[in-house]
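> So the sequence lines, in the order shown, correspond to chains A and B. Just so we're aligned, residue 18 is where the first sequence starts under our numbering, counting upward by one. Just so we're aligned, residue 29 is where the second sequence starts under our numbering, counting upward by one.
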Amino acid sequence: MQMTGDETAPQKALVEFREIGKTYPNGTVALRNVSFQVIEGDILAVCGENGAGKSTLMKILAGIEQPTQGTIHYEGRQRRIADPNVAGDMGIGMVHQHFSLIRSLSVAENLALGQEPRRGLLIDRRAAADRVRELAQKFSLDVDPNTKVGSLSVAAQQKVEILKALSRNTRLLILDEPSAVLTPQETQELFVQLRSLRARGVTIIFISHKLHEVRALANRITVIRSGEVVEDGVLSEMSDAAISKLVMGVDVTRASRNQRDLSAATPVVVVKKATVATGDADRRIDAIDLTIRAGEILGIAGVDGSGQEGVVDLLCGNVQPDEGDIALLGKPMALATTLDWRRAGMAHLPGDRFQIGGAPHMSLVDNVMAGSHRDKQFTRGPFLRVGAMVARTNELIKTFNVRCLGPREPLNSLSGGNAQKLVAAREFSSNPKFLIVNQPTRGIDVAAAAMIHGELLRLSQNGTAILLVTSDLDELLQLSDRVAVMFDGRIAVVLENDGLTPERLGPFMLGLEKTS
Amino acid sequence: MIRAAFASTAITAGFCLFVLLVVLVPVALLYPEPGEVLSRFLLGPFEKTRYMGNIVELATPSMLTALAVVLMFRCGAFNLGVEGSFFLGGLTTAAMVLWMPLPPLVGIPLALLAGAIVGSVVCGIPGIVKATTGASELVSSLMLNYAAVFIGLFVLNYYLRDPTAAMLSSDRFPAEYRFESLIPRTRIHIGSIVAVVACIIGAIYLNRTSQGLEVRISGTGNDFSRHLGLNSVALNIRIQVIGGMIAAFAGGIEMLGLYSRFTWQNTTGNGWTGVIVAIIARDNPILIIPAALFIGYLQVGGDLVSRAFGVPTEIVSLIQALVMICVTSVAIFQHPALRKFVQGDRGGAAQ
Chain A
18 MQMTGDETAP
28 QKALVEFREI
38 GKTYPNGTVA
48 LRNVSFQVIE
58 GDILAVCGEN
68 GAGKSTLMKI
78 LAGIEQPTQG
88 TIHYEGRQRR
98 IADPNVAGDM
108 GIGMVHQHFS
118 LIRSLSVAEN
128 LALGQEPRRG
138 LLIDRRAAAD
148 RVRELAQKFS
158 LDVDPNTKVG
168 SLSVAAQQKV
178 EILKALSRNT
188 RLLILDEPSA
198 VLTPQETQEL
208 FVQLRSLRAR
218 GVTIIFISHK
228 LHEVRALANR
238 ITVIRSGEVV
248 EDGVLSEMSD
258 AAISKLVMGV
268 DVTRASRNQR
278 DLSAATPVVV
288 VKKATVATGD
298 ADRRIDAIDL
308 TIRAGEILGI
318 AGVDGSGQEG
328 VVDLLCGNVQ
338 PDEGDIALLG
348 KPMALATTLD
358 WRRAGMAHLP
368 GDRFQIGGAP
378 HMSLVDNVMA
388 GSHRDKQFTR
398 GPFLRVGAMV
408 ARTNELIKTF
418 NVRCLGPREP
428 LNSLSGGNAQ
438 KLVAAREFSS
448 NPKFLIVNQP
458 TRGIDVAAAA
468 MIHGELLRLS
478 QNGTAILLVT
488 SDLDELLQLS
498 DRVAVMFDGR
508 IAVVLENDGL
518 TPERLGPFML
528 GLEKTS
Chain B
29 MIRAAFASTA
39 ITAGFCLFVL
49 LVVLVPVALL
59 YPEPGEVLSR
69 FLLGPFEKTR
79 YMGNIVELAT
89 PSMLTALAVV
99 LMFRCGAFNL
109 GVEGSFFLGG
119 LTTAAMVLWM
129 PLPPLVGIPL
139 ALLAGAIVGS
149 VVCGIPGIVK
159 ATTGASELVS
169 SLMLNYAAVF
179 IGLFVLNYYL
189 RDPTAAMLSS
199 DRFPAEYRFE
209 SLIPRTRIHI
219 GSIVAVVACI
229 IGAIYLNRTS
239 QGLEVRISGT
249 GNDFSRHLGL
259 NSVALNIRIQ
269 VIGGMIAAFA
279 GGIEMLGLYS
289 RFTWQNTTGN
299 GWTGVIVAII
309 ARDNPILIIP
319 AALFIGYLQV
329 GGDLVSRAFG
339 VPTEIVSLIQ
349 ALVMICVTSV
359 AIFQHPALRK
369 FVQGDRGGAA
379 Q
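Following this line, the structure appears as structure tokens:
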């Protein structure tokens, strides 16, 4: 990194964590004895598995949560950050992974929320808009104050989030996995902006799972594992392997795909000119042609909202096409419901394990057995054989290495990664002929992701046809045999994955190039 | 798990007592003998067999209506048609008893069944309307309660009315149709046993059957059940019809257990009490039993002080309301310090 100027300058700590500990009421220890400094003017990467405590630590710094032990020193003084407002006054702004913007309000209104400029009893809209322009200019983040947030792209919404975080004389900006929702090009642009912020004296902390991003942006790194700081140092002195080992505690072997020729394999799913013209705009699809063969992993790439969700809806029976044909192993499925699809051998792993993939307040047993709760094996007449269900759940918990207190605990007692493993256990264990995975590893840790990737490859080797929808291009290119790039509800191109790169996909994702 | 369940029950009980005292003490102080008022309210209901009988009598219909509400709530249907179902169930059962002179052993079950079927309409129609048009079942079931009452009054006035009676009421039921008292000096009847058994069956249904699992999944929101391919629309309608049947059945039981003729001029409030009980029981069929008894106890206590001292009966409603607020305040029940206090210190053990 270009650190020449700073290395000689005195390193002043902007924030110092002293023996921070956080124990949740249910007894979960999120952080223990966390002590390190954030040097003023740095870009600090905070790395760690999901559930390691990174987000908790950042939330403590942003005043969203309170530590149960320890103190925070800001600019050399001990401070109690009682709530986000206090953090804002101190000059700490945070951009969350899930945006906190109100879609039906304009950019200016969103930024003014909570600190509205007033004229008498009314909100002074012009002043609010002027303030946004001023801020946007100051930080060279280009946004129109009067646009409705809902009509902005994800990348633009993130800019608004960043502006919002910067709107109160912010000196420390915290970003929680900022690139998770962006295309590679958009990520590059974000990084340019973050570097220029730093040049303006803003200290930046960002949380990331992705090592190459950490390399590209940060100069220091703090690694947290199981609630403790295991490394805190200058990034350029550490190798990728060392960091990865620190994050995981062990070496992770990435599952890798064998190059295979699948052109002769049986087509499992055949979609011909399928069109869905109703419903949400970003779920509409237009004359889609797709074939997924037995044992093949077909990846779908695209900027979020390019119609990937529409394809998933179509192939899991959530919607029926207005036009076109679908067949699963030769059986016409154009009118099929989700139950028909499942009976025909479809399984589906969604990215949202608490809304779609599972019921957060129900037990692990209920979550795992849902779907097979009418199988003879688990029922006696109308009654459930609870013993058999618990035994089966325990078996799957073990096979899929789900870390939990027991099968009777509710799903929401698990971390995201473990919950996702549990949902994957349910979906994968049905030996599906056709499997849809939609953002299968979004927001989960590297070890859980590696486990799910391994299972996907194993299933594909056993002949399952897999549709993989993901916005994580590394994952896409690592697993897919072929990649279909979607843009604006259409398939722009289908490419064989023989050494594809994100850069090759980018122009198709942005609609700059198309071949079909 | 068991420890946690015990903790929340203990906290609930503690809060009920606290609320009772917070409301009662100031009210009692308004009267010349505050101690008397308090002890009458709190201990009076246990003084006589008859009063204890009253508690059970009051709890019987609310257990059943609460069970209906719990089933529907757990399935995700916020259907408040129990009040109307209860009314029509009572009316239909009364009409059957009067119009179809069969031997009681056949006639009573038949009358209750007919009541259940006719009364289920009030909960069932909002379910069907929701499924077909998307209209909120909460609103349509509330409205339909009124329709049920007026239809009922029409039938009562034109077909069931005893012209010789001074008030608007049906003919007398033949004596052999009326439930006998099980315990001397009370009016506790077979319906109480039926209600308790029904709650237990409800718990088994929800927790131990395949369909019960589907009900619970549907109740957590439609995305998960849609993901699994469950037909939650059909299930929802079915549960609302079943809920209506249970509430209407309760109306029939109440009619044959406590009345000698049909005299209801309006909805009875047993449905609303059922909603309160369901909320206090936190949608758990087994907890309905103590919750219903508790509400019954409050009602009897309130009655006693109102008769003896002229304390307004609204006090009971006030206590009920406060208990409900407390019981449903998740924030209180998940308060770490409170849980720790009741559960004993096991901080960090979960890790």
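We put the beta carbon where it would ideally sit given N, CA and C, even for glycine. Since we're looking at a predicted model, the values are computed, not measured.
To be precise: take each residue of the segment 237–254 of chain B, compare its Cβ to all Cβ atoms of chain A, and keep it if any distance is under 9 Å. Which residues remain?
Cβ contacts with chain A: 237, 238, 239, 240, 241, 242, 244, 245, 247, 248, 249, 251, 252, 253 and 254.
> Could you tell me whether the Cβ atoms of residue 121 of chain B and residue 273 of chain B are closer together than 9 Å?
The residue you call residue 121 of chain B lines up with position 93 of the second sequence. The residue you call residue 273 of chain B lines up with position 245 of the second sequence. Result no, Cβ atoms of residue 121 of chain B and residue 273 of chain B do not sit closer than 9 Å.
> Say whether chain A places a C-beta atom closer than 9 Å to the C-beta of residue 257 of chain B.
On the second sequence, residue 257 of chain B is found 229 positions in, with the first residue counted as 1. Judged by the 9 Å Cβ criterion, residue 257 of chain B is in contact with chain A.
> Could you pull the start and end residues of the beta strand (DSSP E) that residue 334 of chain B belongs to?
Within the second sequence, numbered from 1, the residue matching residue 334 of chain B stands at position 306. Element bounds for residue 334 of chain B: not the beta strand (DSSP E) but the alpha helix (DSSP H), 313–337.
> So, is the C-beta of residue 122 of chain A closer than 9 Å to a C-beta in chain B?
Position 105 of the first sequence, counted from the first residue, corresponds to residue 122 of chain A. With 9 Å as the cut-off, residue 122 of chain A does not count as an interface residue toward chain B.
> In its own chain, which residues sit with a C-beta less than 8 Å from the C-beta of residue 130 of chain A, not counting the 5 before and 5 after it?
As a working note, residue 130 of chain A is residue 113 in the first sequence. Only 119 and 122 meet the Cβ criterion.
> Do residue 417 of chain A and residue 387 of chain A come within 9 Å of each other at the CB atom, strictly closer than that value?
The count along the first sequence starts at 1 and reaches residue 387 of chain A at position 370. The count along the first sequence starts at 1 and reaches residue 417 of chain A at position 400. For residue 387 of chain A and residue 417 of chain A, no; Cβs fall outside 9 Å.
> Could you tell me which residues DSSP pairs with residue 64 of chain A in its beta bridges?
One-based indexing of the first sequence puts residue 64 of chain A at position 47. Residue 64 of chain A pairs with A:240.
> What are the boundary residues of the beta strand (DSSP E) that includes residue 60 of chain B?
Translated into the one-based positions of the second sequence, residue 60 of chain B becomes position 32. Looking at the DSSP string, residue 60 of chain B is not in any beta strand (DSSP E), and its letter there is neither H nor E.
> So, for residue 378 of chain B: in the same chain, excluding its five sequence neighbours on each side, which residues have a beta-carbon less than 8 Å away from its beta-carbon?
Taking the first residue of the second sequence as position 1, residue 378 of chain B is located at position 350. In this prediction, residue 378 of chain B scores a pLDDT of 34, lower than 50, which makes its location untrustworthy; the coordinate-derived value is nonetheless stated afterwards. None.
> In or out: residue 233 of chain B buried (at least 16 other Cβ within 10 Å) or exposed?
If you number the second sequence from 1, residue 233 of chain B lands on position 205. By the 10 Å Cβ count, residue 233 of chain B comes out buried.
> Could you give the DSSP three-state label for residue 208 of chain A: helix, strand or coil?
The residue you call residue 208 of chain A lines up with position 191 of the first sequence. If DSSP states are grouped into helix, strand and coil, residue 208 of chain A belongs with the helices.
> Short check: CB of residue 349 of chain A to CB of residue 310 of chain A, under 9 Å?
Translated into positions along the first sequence, residue 349 of chain A becomes position 332. Translated into positions along the first sequence, residue 310 of chain A becomes position 293. Going by C-beta atoms, residue 349 of chain A is not nearer than 9 Å to residue 310 of chain A.
> Taking buried to mean at least 16 other C-beta atoms within 10 Å of its own C-beta, is residue 44 of chain B buried or exposed?
Numbered from 1 along the second sequence, position 16 holds the residue referred to as residue 44 of chain B. With 16 or more Cβ atoms within 10 Å of its Cβ, residue 44 of chain B is classed as buried.
> From what residue to what residue does the alpha helix (DSSP H) around residue 444 of chain A run?
On the first sequence, position 427 is the one that residue 444 of chain A refers to. First-last of the alpha helix (DSSP H) with residue 444 of chain A: 433–445.
> Suppose contacts are defined by Cβ-Cβ distances below 9 Å. Is residue 169 of chain B in contact with residue 150 of chain B by that definition?
Counted from its first residue, the second sequence places residue 169 of chain B at position 141. Counted from its first residue, the second sequence places residue 150 of chain B at position 122. The answer is yes: Cβ separation under 9 Å.
> Note the first and the last residue of the continuous alpha helix (DSSP H) segment covering residue 283 of chain B.
Here residue 283 of chain B is taken as the residue at index 255 of the second sequence, counted from 1. That run of the alpha helix (DSSP H) goes 260–286.
> Under 9 Å, Cβ to Cβ, is there at least one residue of chain B near residue 115 of chain A?
In the first sequence, counting from the first residue as 1, residue 115 of chain A sits at position 98. Residue 115 of chain A does not count as touching chain B.
> What whole-angstrom Cβ distance do residue 185 of chain A and residue 313 of chain A have, given they're in contact under 8 Å?
Within the first sequence, residue 185 of chain A is the residue found at index 168, counting from 1. Within the first sequence, residue 313 of chain A is the residue found at index 296, counting from 1. Contact doesn't hold; Cβ gap of about 51 Å is too wide.
> Using a Cβ-Cβ cut-off of 9 Å, state whether residue 333 of chain A counts as contacting chain B.
On the first sequence, position 316 is the one that residue 333 of chain A refers to. True, the Cβ-Cβ gap to chain B drops below 9 Å.
> Could you work out which residue in A:379, A:453 and A:62 is closest to residue 248 of chain A when comparing CA atoms only?
Start at 1 with the first residue of the first sequence, and residue 248 of chain A comes out as number 231. When only C-alpha atoms are compared, the closest one is A:62.
> Check residue 18 of chain A in the structure and name its three-state DSSP category.
Here residue 18 of chain A refers to the residue found at position 1 of the first sequence. Per-residue confidence for residue 18 of chain A stands at a pLDDT of 42, beneath the threshold of 50, marking its modelled position as unreliable; no derived number is given.
> In terms of DSSP beta bridges, what is residue 91 of chain A paired with?
As a working mapping, residue 91 of chain A is identified with position 74 in the first sequence. Answer by DSSP bridge pairing, in chain order: A:32 and A:94.
> Per DSSP, residue 123 of chain A forms a beta bridge with which residues?
Numbered from 1 along the first sequence, position 106 holds the residue referred to as residue 123 of chain A. Partner(s): A:165.
> Tell me whether the beta-carbon of residue 235 of chain A lies closer than 9 Å to the beta-carbon of residue 59 of chain A.
As a position in the first sequence, residue 235 of chain A is number 218, starting the count at 1. As a position in the first sequence, residue 59 of chain A is number 42, starting the count at 1. It is a contact, given that the beta carbons lie within the stated cut-off.
> Pick helix, strand or coil for residue 289 of chain A, following the three-state DSSP scheme.
Translated into the one-based positions of the first sequence, residue 289 of chain A becomes position 272. Note: residue 289 of chain A maps to strand in three-state DSSP.
> Can you pull the chain B residues whose beta carbon is under 9 Å from the beta carbon of residue 150 of chain A, in chain order?
In the first sequence, residue 150 of chain A corresponds to position 133, counting from 1. Those do not exist, as residue 150 of chain A stays about 40 Å from chain B at its closest Cβ, beyond 9 Å.
> Could you check if residue 255 of chain B is buried or exposed, using at least 16 other CB atoms within 10 Å of its CB as the buried criterion?
The residue you call residue 255 of chain B lines up with position 227 of the second sequence. With 16 or more other Cβ atoms within 10 Å, it is buried.
> Report yes or no: is there a C-beta of chain B within less than 9 Å of the C-beta of residue 396 of chain A?
Position 379 of the first sequence, counted from the first residue, corresponds to residue 396 of chain A. Yes, contact with chain B.
> By the 10 Å Cβ neighbour count, where 16 or more other Cβ atoms means buried, how is residue 328 of chain B classified, buried or exposed?
Residue numbering aside, residue 328 of chain B sits at position 300 when the second sequence is read from its first letter. Burial call: buried.
> What are the boundary residues of the beta strand (DSSP E) that includes residue 124 of chain B?
As a working mapping, residue 124 of chain B is identified with position 96 in the second sequence. Here residue 124 of chain B belongs to no beta strand (DSSP E); instead the alpha helix (DSSP H) covers 110–127.
> How big is the Cα-Cα spacing for residue 291 of chain B and residue 64 of chain B?
Your numbering for residue 291 of chain B matches position 263 in the second sequence. Your numbering for residue 64 of chain B matches position 36 in the second sequence. The alpha-carbon atoms of residue 291 of chain B and residue 64 of chain B are separated by roughly 35 Å.
> Output needed in chain order: residues of the segment 388–414 of chain A with a Cβ under 7 Å from some Cβ in chain B.
Hits within the stretch, in order: 388, 390, 391, 396, 399, 400, 401 and 403.
> If contacts are defined as beta-carbon pairs under 8 Å, then residue 152 of chain B and residue 269 of chain B qualify, I think. What distance do you get, rounded to the angstrom?
Along the second sequence, read from residue 1 onward, the residue named residue 152 of chain B stands at position 124. Along the second sequence, read from residue 1 onward, the residue named residue 269 of chain B stands at position 241. Confirmed, about 4 Å.
> Under a Cβ-count criterion, where at least 16 other Cβ atoms within 10 Å of its own Cβ denotes burial, should residue 281 of chain A be classed as buried or exposed?
Start at 1 with the first residue of the first sequence, and residue 281 of chain A comes out as number 264. Burial call: exposed.
> How far does the beta strand (DSSP E) with residue 52 of chain A in it reach, from first residue to last?
In the first sequence, counting from the first residue as 1, residue 52 of chain A sits at position 35. It spans 46–56 - the beta strand (DSSP E) in which residue 52 of chain A sits, taken as one unbroken run.
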